[in-house]
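K.L.:
If you scroll down you'll find the structure; I have some questions about it.
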Amino acid sequence: MDSLISSASVIAAGLSVGLAAIGPGIGQGNAAASAVEAIARQPESENSVRGTLLLSLAFMEALTIYGLVVALSVLFANPFTS
Amino acid sequence: MYLFNLTNTSLVISEGVSVGVHYYWDIFGFSVHGQVFIVIWFVVLLLIVLSLLGTSKLERIPSGSQSFAEEIIQTTSDIAKNQIGESLYRPWIPFVSTLFLFILLCNWSGALVPWKLLELPHGELAAPTNDINTTIALALLVSIFYFGGGIRKKGLGYFKRYVQPTPILLPINVLEDFTKPLSLSFRLFGNILADELTVSVLVILVPLIIPLPIMALGFFASTVQALIFSTLAAAYIAEAIE
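For the protein sequence lines, the chains are A and B, in the order given. Those letters in the first sequence? Residues 0 to 81, per numbering that gives the first Met the number 0, in order. Those letters in the second sequence? Residues 0 to 241, per numbering that gives the first Met the number 0, in order.
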């Protein structure tokens, strides 16, 4: 593996996960804050709020996971090295 | 189906953690990942045994394994019912339930079964869903099913939905059919692989106690991923047949 390509790949892998974590982090914080607010206002709706929250949290987490997939493919299946 | 061929460049991060090391079987000229097949057969066998146990002695007042099976089917058919709706969901219960149970047991089998006791010549046994070929196969299956369901319901009129509400949206609507399986498969693959990698790396750093909360988190996350996969499959089907 060319040393320039490999160093660029390592930096890119780190950046792709790190940058991809920013947006979903903010989004998950907002969603959780709203869910806590909703539960505080209507404690009897806790179960349905929790289910919806978990589902939407997992959707947001998927965005970071896409970054992780890009990082993994850059590290283990780099198309520019072969 | 080698979209991401994690096979040519395998890398051993450290002793005990390796990505892209596979146990190859040659079947009719295709080289397949044997370690995935072994775990999948185990999961399928487990599901068959559980369903045979649940349906072997049917009684009017269920007890034991029958009531367990009924409880599971109740939960999984609720997934289909919530997305597809009261009037249309019944024919789709088997598909959505099978997806949910298969993915759930695949995800769990990676963490709960001590596969390390079985030694393979190459690679190691893990959750089948941390191989991208498995998740792409499942996602394409969902695509085939929602296309099939839509065409069976509406005939060729199904394709009218590409030019609705305006023909300007045609490219986006066509693109959506490609992004759906892509995001479905990457979400499942990435989550399960991330779980297993985190646990393996942590086990190398601190072998005792510390990895346990992460393992519990992974256990929980894999349940949610199975739920999400089947919920989304049901939602896509609902969109196609509504």
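Beta carbons are placed, not taken as given, at the ideal position from N, Cα and C, and that holds for glycine. Keep in mind it's a predicted model, so treat the numbers as computed, not measured.
Give a yes or no on whether 7 Å exceeds the smallest Cβ distance from I4 (chain A) to chain B.
P.N.:
No, no contact with chain B.
K.L.:
In three-state terms, what does DSSP make of I21 (chain A)?
P.N.:
It is helical.
K.L.:
Does chain A have any CB closer than 7 Å to the CB of I203 (chain B)?
P.N.:
No - not a single Cβ of chain A is within 7 Å of the one on I203 (chain B).
K.L.:
From this set, B:I227, B:L226, B:E195, which residue's C-alpha is nearest L111 (chain B)'s C-alpha?
P.N.:
Taking only the C-alpha atoms, the option nearest L111 (chain B) is B:E195.
K.L.:
If you draw a straight line from the alpha carbon of L100 (chain B) to that of P166 (chain B), how long is it in whole angstroms?
P.N.:
Their Cα atoms are separated by approximately 39 Å.
K.L.:
Could you pull out every unbroken alpha helix (DSSP H) segment of at least 4 residues lying fully inside the region 32-114 of chain B, listed in chain order?
P.N.:
If we require 4 residues or more, the alpha helix (DSSP H) runs fully inside the region 32-114 of chain B come out as 33-54, 64-83, 92-111.
K.L.:
Tell me whether D130 (chain B) is buried or exposed, calling it buried when 16 or more other Cβ atoms sit within 10 Å of its Cβ.
P.N.:
So D130 (chain B) counts as buried.
K.L.:
For K152 (chain B), I'd like the list of residues in its chain whose CB is within less than 6 Å of its CB, leaving aside the five on either flank, ordered along the chain.
P.N.:
Around K152 (chain B): I240.
K.L.:
In the DSSP assignment, the alpha helix (DSSP H) including D194 (chain B) goes from what residue to what residue?
P.N.:
Run containing D194 (chain B): 169-204, per the alpha helix (DSSP H) assignment.
K.L.:
Between A232 (chain B) and G28 (chain A), what straight-line distance do the alpha-carbon atoms span, to the nearest angstrom?
P.N.:
Taking the straight line joining both Cα atoms gives about 27 Å.
K.L.:
Locate the beta strand (DSSP E) running through Y65 (chain A), then write down its first and last residues.
P.N.:
Per DSSP, Y65 (chain A) belongs to no beta strand (DSSP E); it is in the alpha helix (DSSP H), 45-75.
K.L.:
Since D1 (chain A) sits in a beta bridge, which residues does DSSP pair it with?
P.N.:
BP columns for D1 (chain A) are empty, so no partner.
K.L.:
Measure the Cβ-Cβ separation of L168 (chain B) and V38 (chain B) and say whether it is below 7 Å.
P.N.:
In this structure, V38 (chain B) does not lie closer than 7 Å to L168 (chain B) by Cβ.
K.L.:
Measure the Cβ-Cβ separation of A31 (chain A) and I227 (chain B) and say whether it is below 7 Å.
P.N.:
Cβ atoms of A31 (chain A) and I227 (chain B): not closer than 7 Å.
K.L.:
With a 10 Å radius around its C-beta and 16 neighbouring C-beta atoms as the bar for buried, classify A237 (chain B) as buried or exposed.
P.N.:
It is buried - the Cβ of A237 (chain B) has at least 16 other Cβ atoms within 10 Å.
K.L.:
Show which residues of chain A have a CB atom less than 8 Å away from the CB atom of Q224 (chain B).
P.N.:
Those are A57, listed as they occur along chain A.
K.L.:
Where does P127 (chain B) land, buried or exposed, given buried means 16+ other C-beta within 10 angstroms?
P.N.:
The residue is buried, with at least 16 neighbouring Cβ atoms inside 10 Å.
K.L.:
At the 7 Å Cβ level, is I64 (chain A) part of the contact set with chain B, yes or no?
P.N.:
At least one chain B Cβ lies under 7 Å of I64 (chain A).
K.L.:
Using the beta-carbon count (16 or more within 10 Å), is T54 (chain B) buried or exposed?
P.N.:
It counts as exposed.
K.L.:
Secondary structure at I26 (chain B), three-state DSSP: helix, strand or coil?
P.N.:
Here I26 (chain B) sits in strand by DSSP.
K.L.:
DSSP three-state call for P212 (chain B): helix, strand or coil?
P.N.:
Here P212 (chain B) sits in helix by DSSP.
K.L.:
Indicate whether the contact test is met: 3 or more Cβ pairs, each with one atom in the region 76-96 of chain B and one in the region 196-214 of chain B, closer than 8 Å.
P.N.:
No, they do not touch.
K.L.:
Please report how far the alpha carbon of I209 (chain B) lies from the alpha carbon of L216 (chain B), in whole angstroms.
P.N.:
Each residue's Cα considered, the two are about 12 Å apart.
K.L.:
Just the C-alpha distance for T197 (chain B) and L181 (chain B), rounded to the nearest angstrom, thanks.
P.N.:
When rounded, the distance between both Cα atoms is 24 Å.
K.L.:
Does the region 61-81 of chain A touch the region 5-25 of chain A, meaning 3 or more C-beta pairs lie closer than 8 Å?
P.N.:
Touching, yes.
K.L.:
Is it the case that the Cβ atoms of L104 (chain B) and V42 (chain B) are separated by a distance below 7 Å?
P.N.:
Cβ atoms of L104 (chain B) and V42 (chain B): closer than 7 Å.
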